[in-house]
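What follows is a set of notes on a single structure, which appears directly below.
Protein chains: 4
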Amino acid sequence: MIVEEARYQRAFEEAVATRRDLHRHPELGLTEFRTAAIVATRLRELGLEVRLGREVMDEASRVGVPSAAELRAAYERALAEGADPALLRAFEGGFTGVVGTLRGAQAGPVVALRVDMDALPIREDASTGHPPAREGFVSAHDGIMHACGHDTHVAMGLGVAEVLAAARSRIHGSVKLIFQPAEEGGRGAVPMVRAGVVDDVDCFVAIHVGSDGESGTLYPVVTGHLASSKLDVRFRGRAAHAGGRPEEGRNALLAAAQATLGLYAISRHHAGRSRVNVGVLRAGSGRNVIPDEAFCMLEVRGDSEEIADYMLHRAEAVIRGAAAAAEVEVEIETMGRTTTADSDSALAEAIAHAAAGVPSVRVDLRPHQAPGSEDATYFMRRVQERGGLAAYMVVGSGTGGGHHTRTFDIDESTFKGAITVLCEAILSLGAAPPEAGRRRAN
Amino acid sequence: MIVEEARYQRAFEEAVATRRDLHRHPELGLTEFRTAAIVATRLRELGLEVRLGREVMDEASRVGVPSAAELRAAYERALAEGADPALLRAFEGGFTGVVGTLRGAQAGPVVALRVDMDALPIREDASTGHPPAREGFVSAHDGIMHACGHDTHVAMGLGVAEVLAAARSRIHGSVKLIFQPAEEGGRGAVPMVRAGVVDDVDCFVAIHVGSDGESGTLYPVVTGHLASSKLDVRFRGRAAHAGGRPEEGRNALLAAAQATLGLYAISRHHAGRSRVNVGVLRAGSGRNVIPDEAFCMLEVRGDSEEIADYMLHRAEAVIRGAAAAAEVEVEIETMGRTTTADSDSALAEAIAHAAAGVPSVRVDLRPHQAPGSEDATYFMRRVQERGGLAAYMVVGSGTGGGHHTRTFDIDESTFKGAITVLCEAILSLGAAPPEAGRRRAN
Amino acid sequence: MIVEEARYQRAFEEAVATRRDLHRHPELGLTEFRTAAIVATRLRELGLEVRLGREVMDEASRVGVPSAAELRAAYERALAEGADPALLRAFEGGFTGVVGTLRGAQAGPVVALRVDMDALPIREDASTGHPPAREGFVSAHDGIMHACGHDTHVAMGLGVAEVLAAARSRIHGSVKLIFQPAEEGGRGAVPMVRAGVVDDVDCFVAIHVGSDGESGTLYPVVTGHLASSKLDVRFRGRAAHAGGRPEEGRNALLAAAQATLGLYAISRHHAGRSRVNVGVLRAGSGRNVIPDEAFCMLEVRGDSEEIADYMLHRAEAVIRGAAAAAEVEVEIETMGRTTTADSDSALAEAIAHAAAGVPSVRVDLRPHQAPGSEDATYFMRRVQERGGLAAYMVVGSGTGGGHHTRTFDIDESTFKGAITVLCEAILSLGAAPPEAGRRRAN
Amino acid sequence: MIVEEARYQRAFEEAVATRRDLHRHPELGLTEFRTAAIVATRLRELGLEVRLGREVMDEASRVGVPSAAELRAAYERALAEGADPALLRAFEGGFTGVVGTLRGAQAGPVVALRVDMDALPIREDASTGHPPAREGFVSAHDGIMHACGHDTHVAMGLGVAEVLAAARSRIHGSVKLIFQPAEEGGRGAVPMVRAGVVDDVDCFVAIHVGSDGESGTLYPVVTGHLASSKLDVRFRGRAAHAGGRPEEGRNALLAAAQATLGLYAISRHHAGRSRVNVGVLRAGSGRNVIPDEAFCMLEVRGDSEEIADYMLHRAEAVIRGAAAAAEVEVEIETMGRTTTADSDSALAEAIAHAAAGVPSVRVDLRPHQAPGSEDATYFMRRVQERGGLAAYMVVGSGTGGGHHTRTFDIDESTFKGAITVLCEAILSLGAAPPEAGRRRAN
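Protein chains in written order, with my numbering: chain A, -1 to 440; chain B, -1 to 440; chain C, -1 to 440; chain D, -1 to 440.
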């Protein structure tokens, strides 16, 4: 190992503490004000160059931005919970991205690690059977929960920062630590990519804890991320007294029901997985009123951009057709997108090589099935299209309930191996970049 | 009575024979070649002025015309069954209307009687429990049946012609006997109205046997005919192998299913009865092929033209929306229409007056609910809008199964009373037309 | 007039004040704690015998009772707004009915007046164009509004109590003033009927202000109240990750969409108006989760109990079939019912007679179309089935927006005529009851 | 090569003639009376032991049997076209399977070749652009076409019989030639498997021409056959006059439309391809009648038995739920099934080895994607579960339109290579069976 074990042990212990604090204060996508402020503060303390907010997020590329009221409430809560007001201003309006850069002593490539920071609109299990509740760090934000482990990603990212900041003399090239907001819904990556955050990156790694992986095992060859589009749909009709003047109504709920059936009935694509889901439908205001408004949240997915585009095209036709049939207005808004991307085996192998000497860690180079969609894929595609290498690595960490459930929990002991392997790999990659990464050095 | 009873008895006996011959040889709407030829031949024998085919039917107003093959097959059948080839030529292409005029000795108004001639695509019950089968005049045309009694209307119409031809000296004004094709589906009346057939009519009566009326009772005040539109809809998509290339298909059957649900879900109108029915749906060719064709036969109805128009407007939106959702082509064809009309009470009362001396006949002047839709209403509206009087009279005639069933049957003995009352009323009306009919005399 | 005009003028002025206070403090059905306490207090002050809560409402007959939390919150609000705590206890749990009885000096029949007290979940227009806002009595309870005029009914009912309490010497028999909760949704009448509230009533009158009636005109012959059932439906399926394990889900939203289409597609009844409406649908929790819960609020209506029962039967089949198709659980809860009832013309004529001498009031005895459904019909049916007379009277009172809109408003000046006619009629009815009411006197 | 080239040339020429005769006289599944009679006659002439009809088809396992009328009509046609009446009797009722066995001079394993014989309900292109039409062997059976190449399979199977019958001295073990009816719809294989036809088989090969393979190339490793179930569904409701008594109807068409939407909306399975298709829907009899009957032909498919079973289970729930919602009766009949199966590589390699010396033939051992479903898989599974080897081989043969189209055509020149390789492989397999086949010799 390039760095001594005791250093990793300290970083691990701090990561556990950080994770528990974040777990207790979860924040939804694009409202990670407190989280981002903690990240930025810590990175500055460690001496990294830090860029924030609009510097690292392109405004025009944002979709699915929360309402002004939601942004405001989360902002106030972060303030109330002690976030640095000066930093917060940089994030105002939902620009909650942070990028820290550590320039090494020697020339070499740019190696980036990307973690995501947002939580989910899920009410966490508060029973003592659920470890975070038992240990006292259950969510203090009602109805919001780190049910996908992004708290652990931030904690590990800061752990890596800590170790590498102290090992700057051994860094070749530079290290970029990317803290992305709003992975859920596929909203945070594109604005950071469009802001050029990875335009100089030679080797890129994104991580995700995986409750279906084995604790102590890392899987740097993840495949099968689904391309997806997330849509919000609003039907607007005309209300009428359902008993007295039914013919005067234009029924938005009926349009939404027709659209729902039509969406689920879309012919699937022969070339791979194709998915559609209407996850939320809210319509109408009173029992005896022809409903004049309906709102749907839906998504389509596919094993490739082509399939996802086919599903999207068909979905739009179905929605507009249902609106036309009911003679109601309709508005379709894209709330997020994800794409597909494959991990480069050269990079995965370099990670495996770096992990060789690390105790109690195993690297499994076989393809690991991605659980769903991920917008880290936009970073990966950007890096690869400029000639760099990219990998998406699952940190096996099974414990509690599945992802996106009220009892989701992970095995904190896995942080240590992950931080260690990431640091060792980053240092190795700088010193001896794999083929594709070699051509460009800062 | 103006005419002696024995004359009516003879006309009645002939009417029964005529009816049984027609019942045995039923013909669908616009293919009543044999029927119309029999009618025209008989009217000429009786000395009426006879107009035929295109003389009494406006070509541009026709909808729901059978295919050339269907027209041809029915034509050949009529020839084979001995219809006069010279007459048939006048009906070629489905112009099967006949109008006979009897000019009276004295001046007076124009009084018209309208009967319809077409049968239904129903397979008649051939068991001995069914009187026409027992008596040997069950339909000889497989799958076609006089299941609504139009055979009896023609028979009574010819009975009236016979009596009045012999009573010409007592006719004031003139009498018009209108034999209309294609009442089923609402296709025959409009072309005759547009050809001007009732433009000179002062008093107009249409008749219909009614299995829900009492035998021996006439109901000259029928109300509640529903306005309606009959539509044929063809969806055309794209076939594809359902297992191998589902995404390449554009599913016409799915469009038809969506349309069906949307149609039945149309908000009904507060102002009266509103109906919609998809009576027939045929789609697809093979189990494992995404269906590329679907065909629907549907109708909308309403208590008023306004309601029927509302239903029609919504139906078209639903159908086009469903097609758009499935990305298939659609073609909507109007196959028939009916409207509403009310009987004039002055005319109904005149009929009741004429019936006063007729034995075993009762006239019920209370409003009688129409069983469904009727295109005689177009004649009625035309006569009324020109200042004439119109009535729709049900001839109570209950016996066998309901209208449009395989066991429909009527009480032939009612012909006599009906012929008698019609003749007596026509003669009386000419001599002493009610108020509204008085203003114009030929 | 039996009572002098000045007395009516004072009652009118108080009614306006009462109405404005109630308008400012609207309460939803079965939570009319403050309103009922004001009513009970006032009736007691006036010397009426007062029965409350469970004395006048049968617990087992209640449906659509708000949740414990909603009942609690409304109760606390009433307390905070100064309602008498001792009285409130009688209403606890949503037993908010009040009945006051005034026994006359002479023998005679029992004459009852019924008014309703509940408001609607509508946010009142707060702009100065809306008179209650301009005059300072716009709703102080956010999202709740007296948008159907029940505040005016209570005010008029208390006005009648006031006048009659001072005129006891002229009362023959006794007068019952029934203050009913929860007319909206059809929930309040049945428990009062089942508690026997009208079992001794000879003449029964229910009133309703009508924005489509003319100010100054009373319509005591209202017809066409639709029988109805109000249903809440909950579908419960199984959540699953829509991208990762779609087959593990059981889609409650899909069941609700299928049910919605099936409900609107129910064949309407030939015998009269038949209505169905899914007014509210809420389903699902997240875009990428197969929805495991769906909630629908719906209603069916018909021109007769038979039609409404047919619609209800079909609705239940459709809902259960949709649940079975989606393999989800379903629960159907009846939230309210209304029935049909006709006003007795003898009673209506008696009212007209009493109104003859009242200045600036007109009584229109022609049938007046009911705007929708009403559960006062249960009182009417009960009184009529025991041999009494019943009438439903609309107090014409047009001004602002339609019923159930944010800008609903009425013409307060109409209170005076209504109070006057009601008092004069009640006194007359006692002195000279119409035929049917004569048989029983207290 | 074991047999001289001239022998293959003669067999090839006869195969072309046979194919053209069969192409001109196509027969639907379970009505292959003429085809089976030709096969049996020829096999007997060649000296094979021939088993027929019920000897090789288990009656209880049959599904999707044509109606008695259809069977009768096809039988009469075969008689009229000169099929041997004595043989035909063995096939009566649709038992149209034939198995010929050739016992070799030496001991050895049982090697089987299976071909299918049925045609499709497709009207063949009769234009001169279509080679069978140009060459004079276009289908003489209107609306029936060998659009999937089973005519060529029979021709090649008889070609193999001819060569091997003349080479009996070189056969080790025995050769079974299986001529299966009704592959389309998945109806013919299971009854033959249940009759024990392959219970003694050590090596089994099924063939299929493939318009997407290259002419001259054989693909003995076909993967991805979809498991499937084919269902016919009949909904039976109650007719009613749509205008007059809509509430009396129970709408079977509506049930079918609801079922259609529900079927297409079934959540797809994460573990592989899942398909559903409603290929045919026919419902209703008249425009103005609530439809009392609806008939659907549908299928579900999956990449595994588990997935297909999941789809089948969901489909049945959807269909029964839709029927319950509409209160109509429903009957679901299984019309056919297919399963999955993998080719054994040892057998594929043996075929490749035997093909090594054959001129102008190439064997491609890479996995070749199956185009859809196949019931040969039941034979394969049976052979494999008893320890034998099985392979499904595509004979690349691209020319005209795709499978199941009106212009499907194949390259006849490929017959020669296929017959040659099959004969050489069968002879080799007998002499030197691959490992798994060795254990059992006759």
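All residues carry an ideal CB built from backbone N, CA and C; glycine is no exception.
Contact with chain C is absent for Thr418 (chain A), since none of that chain's Cβ atoms lies less than 8 Å from the residue's Cβ. When rounded, the separation of the alpha-carbon atoms in Ser209 (chain D) and Ala145 (chain D) is 11 Å. Exposure of Ala138 (chain D) is indicated by the presence of fewer than 16 other C-beta atoms within 10 angstroms of its C-beta.
For Glu74 (chain B), the enclosing alpha helix (DSSP H) starts and ends at Ala66 to Ala78. When CB distances to chain B are screened at a threshold of 7 Å, the residues of the stretch 288 to 305 of chain D falling below it are Ile288, Pro289, Met295, Leu296, Glu297 and Arg299, in chain order. A straight-line Cα-Cα distance of about 14 Å links Arg380 (chain B) and Glu372 (chain B). Per DSSP, Glu47 (chain D) is not a residue of any alpha helix (DSSP H); the beta strand (DSSP E) it occupies stretches across Glu47 to Leu50.
Ala240 (chain D) belongs to the set of residues whose beta carbon lies under 8 Å from a beta carbon in chain B. The stretch 388 to 398 of chain B and the stretch 343 to 351 of chain B touch, with no fewer than 3 CB-CB distances between them shorter than 8 Å. Inter-residue distance for Gly428 (chain C) and Lys414 (chain C) is about 21 Å (C-alpha atoms, whole angstroms).
Chain A places no beta carbon closer than 8 Å to that of Glu47 (chain B), leaving this residue out of the contacts. Secondary-structure assignment with DSSP links Asn275 (chain A) through a beta bridge to A:Glu297. With respect to chain C, the C-beta atom of Ala313 (chain B) has no partner C-beta closer than 8 Å. Between Gly319 (chain B) and Met295 (chain B), the C-beta spacing is not below 8 Å.
Excluding the 5 residues flanking it on each side, Ala193 (chain D) has same chain C-beta neighbours closer than 6 Å at Val54, Met55 and Asp56, in chain order. In the three-state DSSP reduction, Glu25 (chain D) falls in the coil class, being neither helix nor strand. Look at the stretch 257 to 278 of chain B: the residues with a C-beta under 7 Å from a C-beta of chain C are Leu259, Tyr262, Ala263 and Arg266. Residue burial is scored here from C-beta neighbours: Arg271 (chain A) has at least 16 other C-beta atoms within 10 angstroms and is therefore classed as buried. Judged by DSSP in its simplified three-state form, Met391 (chain B) adopts strand. Within the same chain, Arg360, Asp362 and Gly394 come within 6 Å of Thr215 (chain B) by CB-CB distance, once the 5 residues on both sides are set aside. By the rule that beta-carbons nearer than 8 Å mark a contact, Ser283 (chain C) touches chain A. In the structure shown, Ile330 (chain B) adopts extended strand secondary structure according to DSSP, grouped into three states. In the DSSP assignment, Asp149 (chain C) falls within the unbroken alpha helix (DSSP H) covering His148 to Ala163.
Across the set A:Ile0, A:Ala9 and A:Met(-1), the C-alpha of A:Ala9 shows the shortest separation from the C-alpha of Ile417 (chain A). With contacts defined by Cβ atoms closer than 8 Å, Leu259 (chain D) and Leu425 (chain A) do not form a contacting pair. The residue from D:Gly27, D:His402, D:His267 and D:His351 with its alpha-carbon nearest to that of Leu420 (chain D) is D:His351.
The residues Tyr376, Phe377 and Arg380, in chain order, have a CB closer than 7 Å to that of Val191 (chain C) in the same chain once the five nearest residues on each side in sequence are set aside. For Asp140 (chain D), the number of other beta carbons within 10 angstroms of its own is below 16, and it is reported as exposed. Bounds of the alpha helix (DSSP H) holding Gly415 (chain C) are Thr412 to Ala429.
In the three-state reduction of the DSSP assignment, Ala84 (chain A) falls in the helix class. Excluding the 5 residues flanking it on each side, Arg312 (chain C) has same chain C-beta neighbours closer than 6 Å at Ile264, in chain order. Per DSSP, Val1 (chain D) has no beta bridge partner at all. Under the 8 Å criterion on CB atoms, His402 (chain A) is classed as interfacial with respect to chain C. Flagged as an interface residue toward chain B: Ala255 (chain D), by a C-beta distance shorter than 8 Å. DSSP places Thr99 (chain A) in no alpha helix (DSSP H) but in the uninterrupted beta strand (DSSP E) bounded by Val96 to Arg101.
Check the Cα spacing between Arg121 (chain D) and each of D:Phe406, D:Leu69 and D:Leu44: the tightest is with D:Phe406.
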